[in-house]
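Protein chains in written order, with our numbering: chain C, 1 to 114; chain F, 1 to 112. For each residue, glycine too, the CB sits at the ideal point set by N, CA and C. Model, not experiment: these values are computed from the prediction. Have a look at the structure below, then the notes.
Structure below.
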């Protein structure tokens, strides 16, 4: 079956603009994660969904960041009033269930804020 | 809050050398431990994982890792590296509640 997909693969925007990043998890995976990865660092946890609800959003850096997963499948990460410091690769991962289990990662969306 | 520390940022080895990458974590409760690898131009993929049981776990491509609870460590090893092992390696912990924390990664360069 298909893996995790993310669109777009690259996004260039201007400071102050709004962006949406999309993640299509593996079919049947109930858990979905968003991470942000800056150059030279590991993935930084942003938010974790179990089904439609955000089980842990403690990693969202501020209220400009928001994520939804309305039907428990596709998720959208939304960033308002983008800043240059938001430039990073945004990774999505999905997992079959909660607790134990391997996360399957997508290829990421490279966001550049000019 | 949990944290993960990877001791080596960049390791350079010749083919057939042995590898050990250090990983220490900080968390007061039960964790699940992972090593992920990212080959050049590819996305993160699982090397191996530890949930419970035998603390010595074996993964793909001849990698293994040992969980030492008393040291909060989960070091990655391979007896003989190959040029194709050149990649970035990430240690990660996930709590039973699902939150994941990654280390900053170790870049491994294997010289042919």
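- Contact between the segment 70 to 82 of chain F and the segment 88 to 106 of chain C is not established, with fewer than three Cβ pairs separated by less than 8 Å.
- In the structure shown, residue 60(F) adopts helical secondary structure according to DSSP, grouped into three states.
- Proximity of residue 14(F) to chain C, defined by a Cβ-Cβ separation below 8 Å, is not satisfied.
- Of the candidates 12(F), 35(F), 69(F), 35(F) places its Cα closest to the Cα of residue 45(F).
- Excluding five sequence positions before and after residue 55(C), the CB atoms of its chain that fall closer than 7 Å to its own CB belong to 48, 49, given in chain order.
- By the criterion of a C-beta distance shorter than 6 Å, residue 96(C) is surrounded in its chain by 29, once the five residues flanking it on both sides are discounted.
- Counting along the chain, residue 83(F) sits inside no beta strand (DSSP E), nor does DSSP assign it H or E at all.
- Contact of residue 65(C) with chain F is not assigned, every C-beta pair being separated by 8 Å or more.
- With the criterion set as a beta carbon lying under 7 Å from some beta carbon of chain C, the segment 58 to 85 of chain F has no members that meet it.
- Not one beta carbon of chain C lies nearer than 8 Å to the beta carbon of residue 7(F).
- The beta carbon of residue 105(C) sits closer than 7 Å to the beta carbons of 4, 91, 93 from its chain, once the five residues preceding and following it are set aside; these are given in chain order.
- Contacts with chain C at 8 Å (Cβ-Cβ) do not include residue 28(F).
- Residue range 88 to 95 is occupied by the beta strand (DSSP E) that includes residue 88(C).
- Residue-level contact by beta carbon fails for residue 3(F) and chain C, as no gap is shorter than 8 Å.
- Ranked by Cα distance from residue 60(C), the options 8(F), 6(F), 19(F), 99(F) are led by 99(F).
- For residue 101(F), a Cβ of chain C is located within less than 8 Å of the residue's own Cβ.
- Taken in chain order, the unbroken stretches of beta strand (DSSP E) that lie wholly in the segment 40 to 88 of chain C and span 3 residues or more are 44 to 50, 53 to 56, 65 to 68, 75 to 79.
- Note that the segment 8 to 24 of chain C touches the segment 66 to 79 of chain C; at least 3 beta-carbon pairs, one per stretch, sit closer than 8 Å.
- Taking one beta carbon from each stretch, the segment 97 to 112 of chain F and the segment 61 to 68 of chain F have fewer than 3 pairs nearer than 8 Å; the two do not touch.
- Counting every other CB atom within 10 Å of its CB across the protein chains shown gives residue 28(F) a total below 16, marking it as exposed.
- If you draw a straight line from the Cα of residue 87(F) to the Cα of residue 109(F), it comes to about 7 Å.
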